[in-house]
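Quick note: the sequence shown uses the numbering used here, first residue 3, plus one each step. We treat Cβ as the ideally placed atom computed from N, Cα and C, and that holds for glycine. The structure displayed is predicted, hence computed values, not measured ones.
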Amino acid sequence: MSLHSVRIVYFIFFILCGLNAFATQADSIPTQDSIESKNFVATKNTTLQSYIEQLKQLDMALHKTESIWLKRYENFKSYHDISNEITDLEKEALLAPLEAQKTHRLVTLKKQQNLLEQYRTKPFGELLDKPMLEAAPTLTNPFEIFSAFSYIKHISSIKANMQHNQQDLDKLLTIIDKKSTILNEITQNTKISNTEKKPYKDALAITQEQNLELQSARNILETTIDVFNKDADEIEANLEYQIKNQILKLIYIGIGILLSIVIAFFLKLIAKRYIEHHERAYTTSKVINVFNITIIFLILLFAYIDNATYAVAMVGFASAGVAIAMKDMFMSTLGWLVIVVGGSIHVGDRIRVKKENEVFIGDVLDISMLRITIYDDITQTSYRENHRAGRLIFIPNNYIFTNLISNYTYGDLKNIWDSVSVCITFDSNITKAKKIALEVASTHAKLYTEQTRSQMQRMRDRFALAHSALNVDPRVFNFVKENGMDISVWFQNYAYGTLKLKSVIAQEIVEKFLNEDDIHIAYPITRIVYEKANGLGEAQDTLTRFNPH
Numbered sequence: 003m004s005l006h007s008v009r010i011v012y013f014i015f016f017i018l019c020g021l022n023a024f025a026t027q028a029d030s031i032p033t034q035d036s037i038e039s040k041n042f043v044a045t046k047n048t049t050l051q052s053y054i055e056q057l058k059q060l061d062m063a064l065h066k067t068e069s070i071w072l073k074r075y076e077n078f079k080s081y082h083d084i085s086n087e088i089t090d091l092e093k094e095a096l097l098a099p100l101e102a103q104k105t106h107r108l109v110t111l112k113k114q115q116n117l118l119e120q121y122r123t124k125p126f127g128e129l130l131d132k133p134m135l136e137a138a139p140t141l142t143n144p145f146e147i148f149s150a151f152s153y154i155k156h157i158s159s160i161k162a163n164m165q166h167n168q169q170d171l172d173k174l175l176t177i178i179d180k181k182s183t184i185l186n187e188i189t190q191n192t193k194i195s196n197t198e199k200k201p202y203k204d205a206l207a208i209t210q211e212q213n214l215e216l217q218s219a220r221n222i223l224e225t226t227i228d229v230f231n232k233d234a235d236e237i238e239a240n241l242e243y244q245i246k247n248q249i250l251k252l253i254y255i256g257i258g259i260l261l262s263i264v265i266a267f268f269l270k271l272i273a274k275r276y277i278e279h280h281e282r283a284y285t286t287s288k289v290i291n292v293f294n295i296t297i298i299f300l301i302l303l304f305a306y307i308d309n310a311t312y313a314v315a316m317v318g319f320a321s322a323g324v325a326i327a328m329k330d331m332f333m334s335t336l337g338w339l340v341i342v343v344g345g346s347i348h349v350g351d352r353i354r355v356k357k358e359n360e361v362f363i364g365d366v367l368d369i370s371m372l373r374i375t376i377y378d379d380i381t382q383t384s385y386r387e388n389h390r391a392g393r394l395i396f397i398p399n400n401y402i403f404t405n406l407i408s409n410y411t412y413g414d415l416k417n418i419w420d421s422v423s424v425c426i427t428f429d430s431n432i433t434k435a436k437k438i439a440l441e442v443a444s445t446h447a448k449l450y451t452e453q454t455r456s457q458m459q460r461m462r463d464r465f466a467l468a469h470s471a472l473n474v475d476p477r478v479f480n481f482v483k484e485n486g487m488d489i490s491v492w493f494q495n496y497a498y499g500t501l502k503l504k505s506v507i508a509q510e511i512v513e514k515f516l517n518e519d520d521i522h523i524a525y526p527i528t529r530i531v532y533e534k535a536n537g538l539g540e541a542q543d544t545l546t547r548f549n550p551h
């Protein structure tokens, strides 16, 4: 090879190397097309991410609303989805037996379908129905004004509930409209590929279907509210008119009654001033009261004579007049009703009545409309406090409201707890004394103890008796007194004759105590000591006993 040929080869080599370097450098420099392509991808990703964030926020807003409309629509949609799946499985079962898993799935779906059956045709049910109102009250007396106000309040609450449902639906539609707009923008965006648009197109179809159902419900609800409001306004206007008439009528009646009371008051003042005899003045005052009550009754009668259904209302007004004019007599009559209806006192019962500082115990002879008549028998109260007996005592029936009345023989109970107390010295055999007292009481009160036990068992059906109340056996207690130890024995005694058994038990206890060397009855004594020089009383003592009672 000649030198010239070598030079040509080297020249070609250098040219190829230069072209290769130039090509490599050119590849490393970005072109305009590559820049635009990268910007397009970045813009597409940013836009899609923004849409996704907005959709997430709207879905969260839908979740937070907890709208009853949305829940009912979802139940409606779930019912039809379940129905479609059941249909598919049943068709598949016609072709070939289903697998165990699919069979179980079919059973589960049918149970779910039964639970959602109410959403089959009407997804929103009573939310779109016009509320049914009861017949509006017709006011015929003042007492029904309260029922009218209650009815108006009921209508207002229904209106408020319907308005709340409408606002809830509007809020829901606003969110769904925004969601539909965003989904539509995604599907119309040319920067997003069809593959990426596919799930959003499906979501848009579901959202549009949802929006269509809710918008239809919105239109129906608006019509329902409009119709209901018109009917409600008409009813309210009619009730307000009736209320106004009844109030005016009540004012006129009140003026008439007040005028009658004022006239009666002045007539009684005149009678009191010009009639000197007290009994005649009292009788005249009562006659004026009767006339006043009659006039009040006639006013009410003529005001409501056309409505016999509310005669009770008239009686109520008349009773108020009677209560004002003859308070004591009215209260006694009311007390008689309480006694007769309540059954707290019957003829033959032994009762105890306390009025201020006086106490009376006797047997009920009669219960009239105004008073209770009792016979003041000989009792321990007669012995200790009254020192007399055998009187007939008249007790006004109104005493049952203001004073204490005790019944010793209420219901099945005919016996009461009674006691005998004997004081012994401190150096006596206390245990022995208690035993003797308990034995004596148990012996003599045995019959009454058994009777009371049977009576208390019958009383358990009517009263919640404590366990201690059912223990009616005689009991003995001891208490420290000034003169010694007081032995108190308690036993069951016949309520109508307590003194007889009490006397027998007291006598026998004292006699047995006296027969015991280690039991000494304590009682006040006076000891006279003839004093010698040492003052110890060595001389004979003279004892003088006395009973301070």
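| query | When the Cα atoms are used, what is the spatial distance from residue 115 to residue 89? | reply | 12 angstroms
| Runs of beta strand (DSSP E) lying entirely within the stretch 394-420, each at least 3 residues, in chain order | 394-398 and 406-409
| Closest Cα partner of residue 290 within the set 300, 302 and 265 | 265
| Do you know offhand how far residue 72's Cα is from residue 137's? | Their Cα atoms are separated by approximately 34 angstroms.
| message | Could you tell me the alpha carbon to alpha carbon distance between residue 157 and residue 181, rounded to whole angstroms? | response | Cα to Cα, residue 157 sits roughly 36 angstroms from residue 181.
| task | At 3 residues or longer, and completely inside the stretch 63-111: list those beta strand (DSSP E) runs for me, N to C. | result | none
| query | How would you label residue 165, buried or exposed, when you count the other beta carbons within 10 angstroms and need 16 or more for buried? | reply | exposed
| field | Segment contact flag, the stretch 186-203 with the stretch 100-107, C-beta cutoff 8 angstroms, min 3 pairs | value | Put simply, the stretch 186-203 does not touch the stretch 100-107. Fewer than three CB pairs are less than 8 angstroms apart.
| field | residue 221 classed as buried or exposed, judged by whether at least 16 other C-beta atoms fall within 10 angstroms | value | Within 10 angstroms of the beta-carbon of residue 221 lie fewer than 16 other beta-carbons, which makes it exposed.
| said: Per the DSSP calculation, residue 356 is bridged to which residue(s)? | reply: 361 and 406
| request: Taking 8 angstroms as the cut-off, decide whether the C-beta atoms of residue 177 and residue 63 are in contact. | output: yes
| With 16 other Cβ atoms within 10 Å as the buried cut-off, status of residue 494 | buried
| query | When we look at the beta-carbon of residue 447 and count the other beta-carbons within 10 Å, is it buried (16 or more) or exposed? | reply | In summary, residue 447 is buried, with 16 or more beta-carbon neighbours lying within 10 Å of its beta-carbon over all protein chains present.
| residue 414 to residue 460, Cα distance in whole Å? | 7 angstroms
| message | Measuring straight from C-alpha to C-alpha, what distance separates residue 423 and residue 393? | response | 29 angstroms
| Which of the three DSSP states, helix, strand or coil, is assigned to residue 487? | strand
| query | What's the gap between the Cα of residue 302 and the Cα of residue 263? | reply | 14 angstroms
| field | Which of helix, strand or coil DSSP assigns to residue 423 | value | strand
| request: Buried or exposed for residue 294, please, with buried defined as at least 16 other CB atoms from any protein chain shown within 10 angstroms of its CB. | output: buried
| query | My guess is that residue 497 and residue 352 are in contact by the Cβ rule of under 8 angstroms, so how many angstroms apart are they, rounded? | reply | About 5 angstroms separates the CB atoms of residue 497 and residue 352; that is less than 8 angstroms, so the two are in contact.
| query | Taking the alpha-carbon positions, what's the residue 28 to residue 189 distance? | reply | In this predicted model, residue 28 has a pLDDT of only 42, less than 50, meaning its place in the structure is not dependable; the value taken from the coordinates is given anyway. Whole-angstrom Cα-Cα distance: 39 angstroms.
| task | Could you check what DSSP says for residue 233 in three-state terms: helix, strand or coil? | result | It is helical.
| Reduced DSSP secondary structure (H/G/I, E/B, other) of residue 154 | helix
| the stretch 395-406 contacting the stretch 373-383, beta-carbon criterion three pairs below 8 angstroms | yes
| query | Would you say residue 528 and residue 486 are within 8 angstroms of each other, going by their C-beta atoms? | reply | Not a contact, by the Cβ cut-off of 8 angstroms.
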